[in-house]
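K.L.:
To start, I am sharing the structure in question, which I have written as structure tokens.
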Amino acid sequence: MKKKELEIKLQKLEPHPNPSPELEQYMTPGDIAASLLYLAHSHGSIKGKKIYDLGCGTGRLAIGAALLGGKKIIGVDIDGEALKIAKKNSAQADVENIEWIRADVSNLELPETDTVIQNPPFGVQKKGADMVFLNKALQFGKDVYSIHKGVPKNRDYISEQVKELGGRITNRIEKEFHIPSQFKYHTRKVYRFKVDLYRIIRR
Ligand SMILES: C[S@@+](CC[C@H](N)C(=O)[O-])C[C@H]1O[C@@H](n2cnc3c(N)ncnc32)[C@H](O)[C@@H]1O
Numbered sequence: 005m006k007k008k009e010l011e012i013k014l015q016k017l018e019p020h021p022n023p024s025p026e027l028e029q030y031m032t033p034g035d036i037a038a039s040l041l042y043l044a045h046s047h048g049s050i051k052g053k054k055i056y057d058l059g060c061g062t063g064r065l066a067i068g069a070a071l072l073g074g075k076k077i078i079g080v081d082i083d084g085e086a087l088k089i090a091k092k093n094s095a096q097a098d099v100e101n102i103e104w105i106r107a108d109v110s111n112l113e114l115p116e117t118d119t120v121i122q123n124p125p126f127g128v129q130k131k132g133a134d135m136v137f138l139n140k141a142l143q144f145g146k147d148v149y150s151i152h153k154g155v156p157k158n159r160d161y162i163s164e165q166v167k168e169l170g171g172r173i174t175n176r177i178e179k180e181f182h183i184p185s186q187f188k189y190h191t192r193k194v195y196r197f198k199v200d201l202y203r204i205i206r207r
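Per our numbering: the sequence shown = residues 5 to 207.
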């Protein structure tokens, strides 16, 4: 499947009807989701692999991984409503090899896996939420693909944390998120902010 085709498919998936600002529940835009998945695909981390999507929400990354040939995918989210839509979305995308699990990532225990993909909360609402996800991702996955806030201070912080967690950043790609207004406190039609897409491996 071409990247553009994947992007269009993912963009069409149903969004969360009632997103929570506290859980930072916005969908990864289709172009960013496709870029992260293709980064993983180009490193051999998708096709035939066992993959976890932490904070899977309505399923965009997990479904994209299945469409690119992932062998078995587990999507984890704390919110049952998001998972209901994720199930619907996977049926609509005609993929069957995804298991959806409701759990809090902070006390999640799963066996080691090939690849972890994630667009975690950025820790804007709950300080440190992004690091909880990064910690778990590196605990479970040999190869981790993760999206984080793209500001210099955060980059330095992520680099330090990754080292401490025993990982190594091999790729960092700068992108821009475009999120339509969706929370009560949003006053603009579209919000734009810089993000970084990382590939991190265990040392
Ligand atoms: C930025 S959204 C990304 C959603 C989805 N991965 C996507 O790409 O569209 C972050 C997700 O993390 C989930 N989340 C937040 N805190 C969590 C926690 N402690 N455990 C599990 N999921 C959590 C939210 O419910 C939300 O779906």
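Note that CB positions come from ideal geometry on N, CA and C, so glycine has one too.
Quick caveat: nothing in here was measured; it's all calculated off a predicted structure.
Buried or exposed: Pro-21, going by 16 or more other Cβ atoms within 10 Å of its Cβ?
P.N.:
It counts as exposed.
K.L.:
Take Val-155 as the anchor and find which of Gly-84, Lys-198, Val-136, Asp-147 has the nearest alpha-carbon.
P.N.:
Residue Lys-198 is the option with its Cα nearest to Val-155.
K.L.:
Report the CB separation of Asn-175 from Leu-43 in whole angstroms; it is logged as a contact under 8 Å.
P.N.:
About 6 Å; that satisfies the 8 Å criterion.
K.L.:
Is Ile-82 helix, strand or coil when you go by DSSP?
P.N.:
Coil, per DSSP.
K.L.:
Would you check if the distance between the CB atom of Asn-93 and the CB atom of Ala-70 is smaller than 7 Å?
P.N.:
Contact: no.
K.L.:
Between the Cα of Trp-104 and those of Ile-204, Leu-17, Ile-89, Asp-118, spot the shortest distance and give me the residue it belongs to.
P.N.:
Considering only alpha carbons, the answer is Ile-89.
K.L.:
Suppose you measure from the CA of Val-136 to the CA of Ser-46; what does that come to, to the nearest Å?
P.N.:
Approximately 27 Å, taken between the alpha carbons.
K.L.:
Between the region 110-117 and the region 51-70, can you find at least three pairs of beta-carbon atoms closer than 8 Å?
P.N.:
In short, these stretches touch, since the Cβ pair count reaches three.
K.L.:
Within 10 angstroms of the Cβ of Arg-3, are there 16 or more other Cβ atoms? Answer buried if so, exposed if not.
P.N.:
Absent from the structure is residue 3, since the part of the chain shown begins at 5 and ends at 207.
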